[in-house]
Amino acid sequence: MKDVSDSYVTADGRTIGGVMMEMKNITLRFGGVEAIKNISFDIREGEIRAIIGPNGAGKSSMLNVISGFYHPQDGEVWFRGARRPTMKPHHVARQGIARTFQNIALFNGMSVLDNVMTGRLTHMKTGIIAQSLWYGRAQKEEFQNREVVEKIIDFLEIQHIRKTPVGRLPYGLKKRVELARALAAEPKLLLLDEPMAGMNVEEKEDMSRFILDANDEFGTTIALIEHDMGVVMDLSDRVVVMDYGKKIGDGTPHDVRNNQDVIDAYLGVEHD
Amino acid sequence: MPDQFLFAIEVILNGLMTGVLYSLVALGFVLIFKSSGIFNYAQGVFALFAALTLVGLQNGQIPFAPLINAIFGTNIHKFGWELPSIIAIILTVGVMVLLAVIVERYILRHLVNQPDIILFMATIGLAFFMEGFGDIMWGADIKTLDIGLPQGGSFWIEENTAWMGSDGFYGFFIDKLDIAAAFVAVILVVSLTLFSQYTKQGRALRAVADDHQAALSVGISLRYIWVLVWSIAGIVALVAGIMWGSKSGVQFSLSLIALKALPVLMLGGFTSIPGAIVGGLIIGVGEKLFEFTIGAPFLGGATENWFAYVLALLFLVFRPQGLFGDKIIERV
Chain A
90 MKDVSDSYVT ADGRTIGGVM MEMKNITLRF GGVEAIKNIS FDIREGEIRA IIGPNGAGKS
150 SMLNVISGFY HPQDGEVWFR GARRPTMKPH HVARQGIART FQNIALFNGM SVLDNVMTGR
210 LTHMKTGIIA QSLWYGRAQK EEFQNREVVE KIIDFLEIQH IRKTPVGRLP YGLKKRVELA
270 RALAAEPKLL LLDEPMAGMN VEEKEDMSRF ILDANDEFGT TIALIEHDMG VVMDLSDRVV
330 VMDYGKKIGD GTPHDVRNNQ DVIDAYLGVE HD
Chain B
93 MPDQFLFAIE VILNGLMTGV LYSLVALGFV LIFKSSGIFN YAQGVFALFA ALTLVGLQNG
153 QIPFAPLINA IFGTNIHKFG WELPSIIAII LTVGVMVLLA VIVERYILRH LVNQPDIILF
213 MATIGLAFFM EGFGDIMWGA DIKTLDIGLP QGGSFWIEEN TAWMGSDGFY GFFIDKLDIA
273 AAFVAVILVV SLTLFSQYTK QGRALRAVAD DHQAALSVGI SLRYIWVLVW SIAGIVALVA
333 GIMWGSKSGV QFSLSLIALK ALPVLMLGGF TSIPGAIVGG LIIGVGEKLF EFTIGAPFLG
393 GATENWFAYV LALLFLVFRP QGLFGDKIIE RV
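Here the protein sequences come in this chain order: A and B. Counting in this note's numbering, the first sequence runs from 90 upward without gaps. Counting in this note's numbering, the second sequence runs from 93 upward without gaps.
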């Protein structure tokens with residue numbers, strides 16, 4: 090096994106720690122289709138790790154494996170030094186892995202505040218009786234968690250829509266609320282599935298800023314899938330490149346950009 | 093005021109009171125449908141079973157006594173003690189929660205991701221099973237349920253409203269039990285609303301109702317929520333069972349009131365709690381008023397039996413999502 094304790098400082102002065110999550114020889118099949126073919130990579134403490142690749146490369150499937158929505162037929166998932174058994178998504182969430190979805194999955198009938206509050210559920214321990222009576226410990230817990238949520242709402246600059254039902258918000262803001270909900274869980278690892286898909290330049294800049302700030306201020310480790318190469322190169326410390334379910338590149342943005350396989354996958358190869 | 097007008101008001105008041113009972117049953121349907129997309133056909137039988145259990149516990153009946161007697165040739169029927177209402181109610185709540193756990197463990201868990209129709213069929217099966225089980229457990233005879241709720245017409249209301257009309261008007265006749273039922277229904281709805289708005293479990297419940305995937309991603313266990321929802325539906329069924337049982341005795345036709353909840357749901361929308369309440373009240377008032385103004389004078393009466401269904405049919409044609417339901421939009 091690789092040395093997990095080595096940490097280093099990046100060019101822009103951020104400290105990247107040891108290995109937090111390691112995917113070993115992951116293979117995922119749907120019937121006869123192999124969505125992920127024997128892929129291994131790791132995610133280090135405190136870094137922003139990007140997974141890129143053309144459409145249908147298996148990026149979202151990989152994210153779903155990490156968050157427990159899909160269970161690989163082969164391979165091992167190691168999280169914080171221990172092998173993770175096959176786990177339900179809600180157990181994965183309780184381990185400290187939060188995520189957003191490609192096609193926004195928010196609770197449309199609930200206000201922004203309530204949506205973000207659901208992100209705190211894993212931190213709330215009082216039982217149903219105490220909660221129903223709204224008494225003592227339950228009340229204190231509610232207030233404490235509410236405070237954290239208000240901080241996150243401030244951080245993402247969505248104070249003005251706190252009470253608005255999410256269903257009524259425009260797309261860009263929904264994406265931001267979803268990020269808020271994930272951040273509210275104070276996750277050890279945050280998974281973002283195309284956080285900037287369908288956004289205009291301005292919204293993309295905002296989102297990039299929030300992602301960098303979250304990583305910087307809360308020290309959240311982030312793994313993200315993104316199509317916009319410019320954004321990926323700016324944001325990420327290391328990049329995994331996938332194509333047709335296989336890993337074809339892994340390294341710093343600079344390494345990956347000059348990798349011939351990656352260039353071929355993105356620009357196409359001439360066959361003669 | 094002319095007497096005819098006052099009679100109409102009395103009809104409306106009584107309709108409202110009946111409507112409250114319809115609402116109570118419909119509420120149980122909505123709770124389960126909203127959070128899991130399952131139309132629980134057994135909701136009416138739940139009300140029956142809850143009422144049977146409550147009476148049985150109260151009277152110290154030995155469960156499965158006929159079965160035990162038939163097998164062992166004994167002749168036992170009662171433990172010989174009677175439980176105070178409040179303890180019997182708490183125990184019955186326990187039984188309904190246990191029932192929810194069993195339903196989740198042995199039915200829902202095995203049918204996850206099956207088409208809705210399969211789950212619907214499963215609840216039909218459950219309804220028949222529960223009916224038979226209730227029969228074996230507590231016996232099929234009609235039982236009187238008395239947990240100390242006031243009964244009979246309210247003289248106070250009659251005396252204090254008699255002045256409104258002429259000599260032929262004796263004041264509004266309103267059953268005290270109906271008033272109690274309305275009171276209990278209000279408390280139930282308010283506490284359910286508070287629970288779902290301000291507690292963590294309530295928030296999780298609403299979250300699951302909105303989006304299963306997202307709910308999983310924030311660490312909510314769907315199984316726990318299902319047990320919770322079915323327990324709450326069981327408790328609502330108990331309240332409905334108590335009200336109907338006190339009114340007309342605990343008998344097996346009680347499970348048929350579930351059918352009256354169907355038009356209520358079509359009117360109010362399957363996914364709306366306020367819809368269930370308003371729908372129940374509209375049906376209650378509508379059928380009484382229709383009987384009073386058109387049914388009895390022109391159609392030979394007994395229109396209460398079908399009025400609700402015709403109204404529901406009209407709604408199905410012109411507003412299929414009901415008054416408060418989510419709009420049905422197909423994306424192309």
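Every residue gets a Cβ at the ideal spot worked out from N, C-alpha and C, and that includes glycine. In this text the structure is predicted, and so the values were computed from the model without any measurement.
Minimum Cβ-Cβ distance from residue i to chain A less than 8 Å
i	result
B/Q305	yes
B/V281	no
B/S340	no
B/R295	yes
B/V321	no
B/A299	yes
B/T291	yes
B/L308	yes
B/L415	no
B/F287	yes
B/D302	yes
Residue i versus residue j: straight-line alpha-carbon distance, rounded
i	j	result
A/M285	A/H343	22 Å
B/G360	B/N167	49 Å
A/I218	B/V278	21 Å
B/I199	B/I130	12 Å
B/F225	B/Y316	25 Å
A/D92	A/R103	With a pLDDT of 46 at A/D92, under the threshold of 50, the modelled position of this residue cannot be trusted; read the value that follows with caution. The alpha-carbon atoms of A/D92 and A/R103 are separated by roughly 20 Å.
B/L415	B/V402	16 Å
B/D60	B/V310	Since the displayed chain B opens at 93 and closes at 424, residue 60 of chain B lies outside it and no answer follows.
B/G294	A/T207	10 Å
A/N197	A/N204	9 Å
B/I209	B/L405	21 Å
A/S200	A/L222	23 Å
B/V195	B/V276	27 Å
B/S128	B/Q206	12 Å
A/M90	A/V108	In this prediction, A/M90 has a pLDDT of 40, which is less than 50 and means its spatial position is unreliable; nothing more can be read from the coordinates.
A/K293	B/G326	48 Å
A/A227	A/Q220	5 Å
A/I140	A/K148	6 Å
B/D227	B/L320	26 Å
A/L272	A/A194	15 Å
A/E267	A/R346	30 Å
A/V181	B/G231	48 Å
B/A100	B/A353	24 Å
C-beta contact flag for residue i and residue j at 8 Å
i	j	result
A/S150	A/A187	no
B/Q343	B/I234	yes
A/G319	A/R327	no
A/Y355	A/P174	no
B/G120	B/A301	no
A/V166	A/M112	yes
A/A296	A/K264	Here the sequence assigns Met to residue 296 of chain A, which means Ala is not the residue at that position. It is a contact, given that the beta carbons lie within the stated cut-off.
A/I137	A/N348	no
A/F190	A/L245	no
A/L278	A/L152	no
B/Y425	B/G372	The question about residue 425 of chain B has no answer here: the residues shown for chain B are numbered 93 through 424.
B/Q189	B/S323	With the sequence shown as reference, residue 189 of chain B is identified as Val, and Gln is not the correct amino acid for it. Yes. Within cutoff.
B/D267	B/G245	yes
Partner residues on chain A for residue i, Cβ-Cβ distance less than 7 Å
i	result
B/S425	Residue coverage of chain B in this structure runs from 93 to 424, which leaves residue 425 of chain B outside it and unanswerable.
Close beta carbons around residue i, own chain, < 6 Å, minus the five adjacent residues each side
i	result
B/A219	Y133, A134 and V137
B/V122	I365 and A368
Beta-carbon neighbours of residue i, restricted to chain B and to distances below 8 Å
i	result
A/R183	G311
A/S156	S309
Cβ shell of residue i (< 7 Å), same chain only, five flanking positions each side left out
i	result
B/D270	M109
B/L98	M256, G257 and F261
B/Y156	Position check: residue 156 of chain B holds Phe in this sequence, whereas Tyr was assumed. If we look at B/F156 and ignore the five residues flanking it on each side, its Cβ neighbours are I228 and M229.
Within chain A, partners of residue i - CB distance below 9 Å
i	result
B/F362	Correct list: empty, because the minimum Cβ distance to chain A is about 15 Å.
Under 7 Å by beta carbon: chain B residues contacting residue i
i	result
A/A274	V310
A/R270	V310
Contact list for residue i against chain A, beta-carbon separation under 8 Å
i	result
B/F125	Near B/F125 there are no residues of chain A at all, since even the closest Cβ is about 14 Å away, more than 8 Å.
Beta-carbon contacts of residue i that lie in its chain and below 8 Å, excluding the five residues immediately before and after
i	result
B/L280	L116, L119, V328 and V331
B/P366	G360 and F416
A/K177	G157
8 Å Cβ cutoff, residue i in contact with chain B
i	result
A/S150	no
A/R188	yes
A/D92	Low local confidence applies: a pLDDT of 46 at A/D92 is under 50, so the model's placement there is unreliable, with the coordinate-based value given in what follows. Answer no: the Cβ-Cβ gap between A/D92 and chain B never drops below 8 Å.
A/W167	no
The stretch 194–219 of chain A: positions lying closer than 7 Å to chain E by Cβ
Absence of chain E from the displayed structure is noted, the protein chains being A and B.
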